[in-house]
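Residues 691 to 790 in our numbering are what the sequence shown spells out, letter by letter. Here a beta-carbon is modelled for each residue, glycine too, at the ideal position from N, C-alpha and C. All values derive from a computational prediction rather than experimental measurement. Single-structure report; data block below.
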Amino acid sequence: MTSAPAHPIGRWRLPDQIDVIEPLTDGHIIEGIVAIAANPGVAGVDAYLEPAAAALLGVGDMVLLVVRADGHVGLRAEQRHAETLSTYVALLRASPGAAP
């Protein structure tokens, strides 16, 4: 897997979703977001998986991994990334005792 320098939202710059996702990464709920693609033709992601690794992990096209403020990966989304992340953050905000 090849990677890029870390940033709270990585290098992930899908224009139709970044405006929704960036405000959610305030560090209090979400520490970071990593977008990984199985296809090297996908631009603006943080890393690319080798085909064998993608198959082993069940990544068909692109996966979004969300790291919570406590350092745990709390979400793996393979489609509708912004919508899935927004729903996940709303759940965390509604149940502060369930996860930071």
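Residues of the same chain with a CB within less than 8 Å of the CB of ILE719, apart from the 5 flanking positions on each side, are ARG758, ALA759, VAL779, LEU782, ARG783 and PRO790 in chain order. With respect to LEU747, LEU739 sits close: the two C-beta atoms are nearer than 8 Å.
Taking 8 Å as the cut-off, the Cβ atoms of ILE723 and VAL749 do not count as close. It is roughly 9 Å from the alpha-carbon of LEU765 to the alpha-carbon of THR774. In this structure, MET752 and ALA728 form a Cβ contact; the two beta carbons are roughly 7 Å apart against a cut-off of 8 Å. Around the beta carbon of ALA744, 16 or more other beta carbons lie within 10 angstroms, which makes this residue buried. Residue pairing from DSSP leaves GLY717 without any beta-bridge partner. By the neighbour-count criterion, in which a residue is buried when 16 or more other Cβ atoms sit within 10 angstroms of its Cβ, VAL763 is exposed. Excluding sequence positions up to five before and after PRO730, its CB lies within less than 8 Å of the CB of TYR738, all in the same chain and listed in chain order. For ARG783, the enclosing alpha helix (DSSP H) starts and ends at 771-784.
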